[in-house]
Amino acid sequence: MTRKLLILLFFLVTILASSQNLEWKTNMTDAITASNEQRKPLLILFTATGASEALQNEVFKTPDFEKWSRKNVILVKLDLSDSNIESEVREQNIRLKNAFGVENIPEVCFASGSIRKGKTSFNTLGKLSYNSNGVKAWIADSNLIINPE
């Protein structure tokens, strides 16, 4: 009995440990390349220090979101207050925030991107903020944006 319990506990710990290993890209060029190679839209999270943690805690840190995101999107996190990034990158992130019309932080934009002749362009699919209806509702709203059929 103890052995079965230990085996079960081992599997549960393994699943939980691997479930929080989302890969958030911070370089837009790398994200666009991955997006085009995998034919998935970008999920761009605009955030900053002091922003509400509700979206992170109630959506992004859930197994449902992890499973959905791995199948459907390339994750990009642009922290507008990160003092460790170069000022040029920070300015680029702020320009992207303004170009996508982001007013509330944190906010998610769904987009596709391309780089041609050194020029980056985006096709905005939609934006989504936190709602208190839970991860399943957030995913359903996201699916309506990335799969508008």
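Residue numbers are given in UniProt numbering: position 113 of the sequence shown equals residue 113, and the series is strictly consecutive. In this text, a Cβ means the ideal position worked out from N, Cα and C, and glycines have one as well. Remember, predicted model here, so these are calculated numbers, not experimental data.
Taking residue i as the reference, which of the options has the closest Cα?
| i | options | result |
| --- | --- | --- |
| residue 30 | 131, 139, 120 | 120 |
| residue 125 | 88, 147, 136 | 147 |
| residue 70 | 34, 144, 55 | 34 |
Mapping the DSSP letters down to three states, classify residue i as helix, strand or coil.
| i | result |
| --- | --- |
| residue 39 | coil |
| residue 117 | coil |
| residue 66 | helix |
| residue 217 | As displayed, the chain neither begins before 1 nor continues past 149, which places residue 217 out of reach and without an answer. |
| residue 156 | The chain is shown from 1 up to 149; residue 156 falls before or after that span and cannot be answered. |
| residue 76 | strand |
Please report the distance separating the alpha-carbon of residue i from that of residue j.
| i | j | result |
| --- | --- | --- |
| residue 42 | residue 132 | 23 Å |
| residue 99 | residue 23 | 24 Å |
| residue 134 | residue 78 | 23 Å |
| residue 86 | residue 96 | 15 Å |
| residue 25 | residue 32 | 10 Å |
Take residue i and list the residues in its own chain whose beta-carbon comes closer than 6 Å to its own, dropping the five residues that flank it on each side.
| i | result |
| --- | --- |
| residue 112 | 41, 123 |
| residue 58 | none |
| residue 138 | 59 |
| residue 65 | 59, 135 |
Considering only residues of the same chain and omitting the five flanking positions on each side of residue i, which have a CB-CB separation below 8 Å?
| i | result |
| --- | --- |
| residue 90 | 80, 82 |
Looking only at its own chain, which residues have a Cβ that is under 7 Å from the Cβ of residue i, when we skip the five neighbours before and after it?
| i | result |
| --- | --- |
| residue 129 | 104, 107 |
The region 106-113 / the region 34-47 touching (three or more Cβ pairs under 8 Å): yes
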